[in-house]
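Sequences listed follow chains A and B, in order.
To convert, count from 1 in the first sequence and add 52; that's our numbering.
To convert, count from 1 in the second sequence and add 52; that's our numbering.
Read through the structure below, which is laid out as structure tokens, and then see the notes.
2 protein chains.
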Amino acid sequence: MKKNIVFIAKSLDGYIAGKDGNLDWLHAIPNPDNDDMGFNGLMSEIDAIVMGRTTFETVVSFGVEWPYTKPVFVLSHTLNDIPEHLENKVFLVRGSLKEVLRIIHEKGWHTLYIDGGQTIQNFLSEGLIDEFRITTIPILLGGGTLLFGELDQSIMLEHITSKVFLNQIVQDHYRVKDIN
Amino acid sequence: MKKNIVFIAKSLDGYIAGKDGNLDWLHAIPNPDNDDMGFNGLMSEIDAIVMGRTTFETVVSFGVEWPYTKPVFVLSHTLNDIPEHLENKVFLVRGSLKEVLRIIHEKGWHTLYIDGGQTIQNFLSEGLIDEFRITTIPILLGGGTLLFGELDQSIMLEHITSKVFLNQIVQDHYRVKDIN
Chain A
53 MKKNIVFIAK SLDGYIAGKD GNLDWLHAIP NPDNDDMGFN GLMSEIDAIV MGRTTFETVV
113 SFGVEWPYTK PVFVLSHTLN DIPEHLENKV FLVRGSLKEV LRIIHEKGWH TLYIDGGQTI
173 QNFLSEGLID EFRITTIPIL LGGGTLLFGE LDQSIMLEHI TSKVFLNQIV QDHYRVKDIN
Chain B
53 MKKNIVFIAK SLDGYIAGKD GNLDWLHAIP NPDNDDMGFN GLMSEIDAIV MGRTTFETVV
113 SFGVEWPYTK PVFVLSHTLN DIPEHLENKV FLVRGSLKEV LRIIHEKGWH TLYIDGGQTI
173 QNFLSEGLID EFRITTIPIL LGGGTLLFGE LDQSIMLEHI TSKVFLNQIV QDHYRVKDIN
């Protein structure tokens, strides 16, 4: 069964990046034992990752070990090659989202992690998101990049579960139910 | 001890009213036993309510029994009188928020419910909100009036509790911790 999952952190006021792209607030709550808050579970559940160029470049800029254990498809009309150390891990794709999904599904990869603000909004607008796993950091940023954007129609969700991590961070899982 | 509490419902994408002021989605989840989701508890906890004119007029327009059992202070520079049946229940106030609060506190009313989108944003901007009780309806509206607005500085919160109502509606309580 095909499933596209969003797994993302936001502030209580809905931003995925603060002003000037600030991401420091993602670590505002001390996490001494490095609780992964469901990330490793997601990684074992999915077959591949689809992300936008901005997210890809942000992850690369962290300069840390590549965090993904599954193939990553990067949507970009401008990138022509990827860093050498990411060959066989990262693949550039272009075209409509449905074409991109067809290519990935043909490889037998059906459970996908969809990442990146614009990419999530694009998938959502085309009715291509099945599940949200949203982690809310207890902070109001008051500006930046919002997770959600304008929609032509409202979308009804079904609450699956809520969990509190580190006594401070709420993670809510929703299934997309109906597009009205 | 003085405390200003926000108690409000929003969509997952952060709207308190949909496009064209639509509020139908507030009742998207069937509530056969009329679970008040904490409203009556809040009413018994607070001394008075402060709301903006738009919210006041919206509640009046519902044409139902007046839902508040505590005195309601309506912030307005334009209203000059209130409907006769609300006399002794609703009081018009104007001036700075600090002046308004001083008047209410002088009456011995210290635990206040702050309501209305613009009013909440104004109180928040002046560092005058102590607690948020936010009820999230599982819907993406894709447009309308956002609960939160721009802030000069980020505001750190402390998560108090999360509860799920009707198996679908998550309510999160946060205390305002620091203004950065």
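Every residue, glycine too, gets a C-beta built ideally from N, C-alpha and C.
Local Cβ density within 10 Å of residue i, reported as buried at 16 or more and exposed below that
i, result
"residue 116/A", "exposed"
"residue 113/B", "exposed"
"residue 84/B", "exposed"
"residue 211/B", "buried"
"residue 224/B", "buried"
"residue 168/B", "buried"
"residue 75/A", "exposed"
Rounded straight-line distance, which links the Cα of residue j to that of residue i
i, j, result
"residue 175/B", "residue 108/B", "17 Å"
"residue 238/A", "residue 149/A", "Missing from the structure shown is residue 238/A; chain A here goes from 53 to 232 and no further."
"residue 208/A", "residue 198/A", "19 Å"
"residue 187/B", "residue 222/B", "6 Å"
"residue 132/A", "residue 64/A", "37 Å"
"residue 185/A", "residue 214/B", "16 Å"
"residue 202/B", "residue 92/B", "31 Å"
"residue 205/A", "residue 229/B", "36 Å"
"residue 219/B", "residue 90/B", "15 Å"
"residue 193/B", "residue 126/B", "28 Å"
"residue 155/A", "residue 147/A", "10 Å"
"residue 129/B", "residue 227/A", "44 Å"
"residue 151/A", "residue 61/A", "28 Å"
"residue 153/A", "residue 153/B", "56 Å"
"residue 73/A", "residue 110/A", "10 Å"
"residue 159/A", "residue 120/A", "18 Å"
"residue 189/A", "residue 189/B", "19 Å"
"residue 136/A", "residue 200/A", "33 Å"
Nonlocal neighbours in the same chain, by C-beta distance under 8 Å from residue i, ignoring five residues either side
i, result
"residue 195/A", "67, 70 and 71"
"residue 94/A", "57, 59, 165 and 185"
"residue 157/A", "54"
"residue 82/A", "218"
Same chain, Cβ closer than 7 Å to residue i, five either side skipped, listed in chain order
i, result
"residue 134/A", "142 and 144"
"residue 216/B", "222"
"residue 99/B", "122, 161, 162, 163 and 164"
"residue 166/A", "56, 57, 58, 102, 172, 175 and 181"
"residue 104/A", "127, 168, 170 and 171"
"residue 118/B", "138 and 141"
"residue 177/B", "203"
"residue 97/A", "163"
"residue 87/A", "217 and 218"
Strand pairing of residue i, partner residues [DSSP]
i, result
"residue 211/A", "226/A"
"residue 165/B", "57/B and 101/B"
"residue 172/A", "None; residue 172/A has no bridge partner."
"residue 67/A", "198/A"
"residue 180/B", "Paired residues: none, contrary to the question."
"residue 122/B", "None; residue 122/B has no bridge partner."
"residue 146/B", "Paired residue(s): none; residue 146/B is not in a bridge."
"residue 130/B", "DSSP output for residue 130/B lists no bridge partner at all."
"residue 188/B", "62/B and 222/B"
"residue 112/A", "DSSP lists no partner for residue 112/A."
"residue 216/B", "222/B"
Cut-off 6 Å between Cβ atoms - residues of its own chain near residue i, not counting five sequence neighbours on either side
i, result
"residue 191/A", "63, 77 and 80"
"residue 124/B", "101 and 142"
"residue 54/B", "162"
"residue 235/B", "An answer regarding residue 235/B cannot be provided, because it is not within the stretch 53 to 232 covered by chain B."
Exercise. Between the stretch 144-178 of chain A and chain B, which residues of the former have CB atoms less than 7 Å from a CB of the latter, in chain order?
Worked result: Residues of the stretch 144-178 of chain A with a Cβ closer than 7 Å to any Cβ of chain B: none.
Problem set entry | Selection of the stretch 199-215 of chain A by Cβ proximity to chain B, strictly under 8 Å | Of all residues in the stretch 199-215 of chain A, those with a C-beta nearer than 8 Å to a C-beta of chain B are 199, 200, 201, 202, 203, 204, 205, 206, 207, 208, 209, 210, 211 and 214, reading in chain order.
For this session: Could you list the residues in the stretch 55-69 of chain B with a C-beta less than 7 Å from some C-beta on chain E, going in chain order?
Result: You won't find chain E in this structure, because its protein chains are A and B.
Problem set entry | Contact set between the stretch 183-200 of chain B and chain A, restricted to residues whose Cβ is under 7 Å from the partner | Flagged, chain order: 190, 191, 192, 193, 194, 195 and 200.
Exercise. Taking any Cβ of chain A, which residues in the stretch 70-103 of chain B have a Cβ under 8 Å from it, in chain order?
Worked result: Within the stretch 70-103 of chain B, 70, 77 and 80 place their CB atoms closer than 8 Å to a CB of chain A, listed in sequence order.
Exercise. According to a CB-to-CB cut-off of less than 7 Å, which residues of the stretch 130-142 of chain B neighbour chain A?
Worked result: Here the close residues number zero.
Exercise. Got a sec: which bits of the stretch 116-127 of chain A sit with their beta carbon under 8 Å from any beta carbon on chain B, in order along the chain?
Worked result: If you check each beta-carbon in the stretch 116-127 of chain A against every beta-carbon of chain B, none falls closer than 8 Å.
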